[in-house]
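In the working numbering, the protein residues as written are 1 to 274.
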Amino acid sequence: MTTSKYCSKGMYFFRTSGLQLGGNGWCFSLGCWGSRICGALLSLVLSLTFLSAQKPYDLKTGPYLGYTAIGAGLNGISLALQSKIKPLTIEQINSLDEKNIWKPDRWVVKQFSTQAQHISDRFLYASFAVPFTLALDKPARRTFGKVGLIYLQTLLLNYGISNVAKSSVKRARPFMYNDSELVPLELKLKKAARYSFFSSHTSFTAALSFLTAKLHHDLYPENRSKIIWGLAAIIPAYTGMQRIRGGKHFLTDVITGYLVGAAIGILVPELYRN
């Protein structure tokens, strides 16, 4: 098959599944240029996936169960920590002073946008599907059982690490310092208002975007595309920007989430390389 036929096959998937890249399709419902980047990564992976896949991974039972146990343990610890966290009282909220925030983060307290929050949510949900585009190629499906286990372990480790950090640091979100009437009081009185550090939206989109790029890099060594790595870097950065615009996270929360997620997405498959 020619490259154009590969592209056509990938685009056919979008049309038949409703994940269209134009018009009133799914990606454009996210709004602005970031939606096109999300669609571009998906279509590019699809177009380049219909090639001869390698089998680069060897999931030995002992190491896999060991790392899985670490992930499960982190999630158990986070649940125990979260059970002890209580929302801030109105008095505690009123006593928050933005002058106590590190200067590079301080400007974020003026940010609040429900639209930006919704956009970041959609990018998060979309990122969970990105690695599965690799399963559309028959040769890749021969090793996709192992890839699926790597995917699940990536999610488990990222979820555990991010939640342990959130429930340990208990950092108040930027909107907690915002006196605007746009920020409802009931939002500030929730336990989740103390989960600012670090951004799990950013870490998940980074982990899954970089995981997809890493898997493609390993499965198709004859077709290693720098564009895929570039798009994998841009998507979580855009997601993090929306989390800042939404008043959900400080700049340092997003940067940390990005670095942690990217590291997990790259390192987990590397653990099982032949």
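Note that CB positions come from ideal geometry on N, CA and C, so glycine has one too. No experiment lies behind these values; they were computed from the predicted model shown.
Whole-angstrom C-beta distance between Asn274 and Asp58, which should lie under 8 Å: Here Asp58 really is in contact with Asn274; their C-beta atoms are around 5 Å apart, less than 8 Å.
Using 8 Å as the threshold, is the segment 162–169 in touch with the segment 74–83, meaning 3 or more CB pairs across them? These segments touch.
Based on the DSSP output, what are the partners of Tyr57 in its beta bridges? Residue pairing by DSSP places Tyr57 opposite Arg273 in a beta bridge.
Close Cβ partners of Leu30 (< 6 Å) along its chain, the five nearest in sequence each way excluded: Note that Leu30 scores 43 on pLDDT, short of 50, meaning its location in the model is unreliable; the coordinates nonetheless yield the value given after this. Non-local C-beta neighbours of Leu30 in its own chain, meaning closer than 6 Å and more than five positions away in sequence, comprise Ile119 and Arg122, ordered along the chain.
Starting from Asp137 and walking both ways along the alpha helix (DSSP H), at which residues does that stretch end? From DSSP, Asp137 is part of no alpha helix (DSSP H); its letter is neither H nor E.
Is it true that the segment 211–220 meets the segment 186–201, where meeting means three or more beta-carbon pairs spaced less than 8 Å apart? Cβ pair count under 8 Å is below three, so no.
How is His249 classed by DSSP in three states: helix, strand or coil? Secondary structure of His249 (DSSP, three-state): coil.
For Leu156, I'd like the list of residues in its chain whose CB is within less than 6 Å of its CB, leaving aside the five on either flank, ordered along the chain. Only residues of its own chain outside the window of five on either side were considered, and among them Gly71 have a CB closer than 6 Å to the CB of Leu156, listed in chain order.
Buried or exposed for Thr3, going by 16 or more other Cβ atoms inside 10 Å? Note that Thr3 scores 39 on pLDDT, short of 50, meaning its location in the model is unreliable; the coordinates nonetheless yield the value given after this. Exposed: under 16 other Cβ atoms inside 10 Å.
Enclosing alpha helix (DSSP H) for Glu91 [first to last residue]: Glu91: member of the alpha helix (DSSP H) spanning Ile90 to Asn94, first to last residue.
Are the segment 225–232 and the segment 240–259 touching by the rule of at least three beta carbon pairs closer than 8 Å? No: fewer than three Cβ pairs fall under 8 Å.
Do three or more CB pairs link the segment 203–214 to the segment 258–267 at distances below 8 Å? Contact between the segment 203–214 and the segment 258–267 is present, because at least three Cβ pairs lie under 8 Å.
With DSSP as the reference, label Ile70 as helix, strand or coil. If DSSP states are grouped into helix, strand and coil, Ile70 belongs with the helices.
Given 8 Å as the limit, is there contact between the segment 171–180 and the segment 87–98, that is, 3 or more CB pairs closer than that? Enough Cβ pairs lie closer than 8 Å, so yes.
Grouping DSSP H, G and I as helix and E and B as strand, with all else coil, what is Asp105? Looking at Asp105 - three-state DSSP - the assignment turns out to be helix.
Just the C-alpha distance for Leu65 and Val260, rounded to the nearest angstrom, thanks. Here the alpha carbons of Val260 and Leu65 stand approximately 22 Å from one another.
Nearest-angstrom Cα separation, counted from Ile244 out to Asp105: Taking the straight line joining both Cα atoms gives about 10 Å.
The alpha helix (DSSP H) with Phe204 in it runs from where to where? Unbroken alpha helix (DSSP H) run through Phe204: Ser200 to Leu219.
Which residue comes first and which comes last in the alpha helix (DSSP H) that contains Lys318? The first residue shown for the chain is 1 and the last is 274, placing residue 318 beyond what the model contains.
Mind checking Tyr125: buried by the 16 CB within 10 Å criterion, or exposed? Tyr125 counts as exposed, since fewer than 16 other beta carbons sit within 10 angstroms of its beta carbon.
Exposed or buried, Phe144, counting other C-beta atoms within 10 Å across all chains shown (16 or more means buried)? In this structure Phe144 is buried. Its beta-carbon is surrounded by 16 or more other beta-carbon atoms within 10 angstroms.
Have a look at Ala80, Ala140, Ser127 and Arg173 and flag the residue whose alpha-carbon is nearest the alpha-carbon of Pro221. When each option's Cα is compared against that of Pro221, the closest is Ala140.
First and last residue of the alpha helix (DSSP H) that includes Asn163? Per DSSP, Asn163 belongs to the alpha helix (DSSP H) from Phe144 to Val169.
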